[in-house]
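Input: a single structure, listed below in structure tokens.
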Amino acid sequence: MLSHKKARKAQRNFAKTIVCCLCLIVAVMGQAPNEPVLPKNDASQPPVPGRVGGTHEMTGTDVEAFLDGFVPQQIKEADIAGVTISIVKDGNDPHARL
């Protein structure tokens with residue numbers, strides 16, 4: 004049998020362990036991701052066709068702007084010798100370039 008002092012010390016250590024575990028559980032539970040806040044639909048403006056969640060359907064102009072702007076910048080910054088990009092839609096390659 005444990006002496007009275009050793010028993011009390013064991014109880015305190017056990018209590019400290021339980022408190023630490025509870026704090027850890029609460030901290031982990033607090034890390035849940037926040038739900039995104041969706042914008043309220045404005046009844047004064049009709050919805051734009053092809054537009055979902057603040058984006059629009061990518062057009063040929065968008066693709067060309069990306070290819071002409073972002074790609075050369077990345078080639079220069081990353082010191083890439085060259086790149087080939089092919090965008091295919093409905094079996095056609097409307098933006099083929101070398």
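Following our numbering, the residues of the sequence shown are numbered contiguously, the last one being 101. Here a beta-carbon is modelled for each residue, glycine too, at the ideal position from N, C-alpha and C.
Verify whether the separation of the beta carbon atoms of residue i and residue j is less than 8 angstroms.
i      : j      : result
Val-91 : Ile-78 : no
Leu-70 : Ile-83 : no
Which residue comes first and which comes last in the alpha helix (DSSP H) that contains residue i?
i      : result
Pro-75 : 63-80
Just verifying my parser: in three-state terms, what is the DSSP assignment at residue i?
i      : result
Thr-87 : coil
Gln-34 : coil
Val-22 : helix
Val-29 : helix
To which residues does DSSP link residue i through a beta bridge?
i      : result
Lys-9  : None, per the DSSP bridge assignment.
Asn-95 : Lys-92
Keeping to the same chain, check which residues put their C-beta closer than 8 angstroms to that of residue i; ignore five residues upstream and five downstream.
i      : result
Ser-6  : none
Val-40 : none
Excluding the 5 residues preceding and the 5 following residue i in the sequence, name in chain order all residues of the same chain whose CB lies nearer than 6 angstroms to its CB.
i      : result
Cys-26 : none
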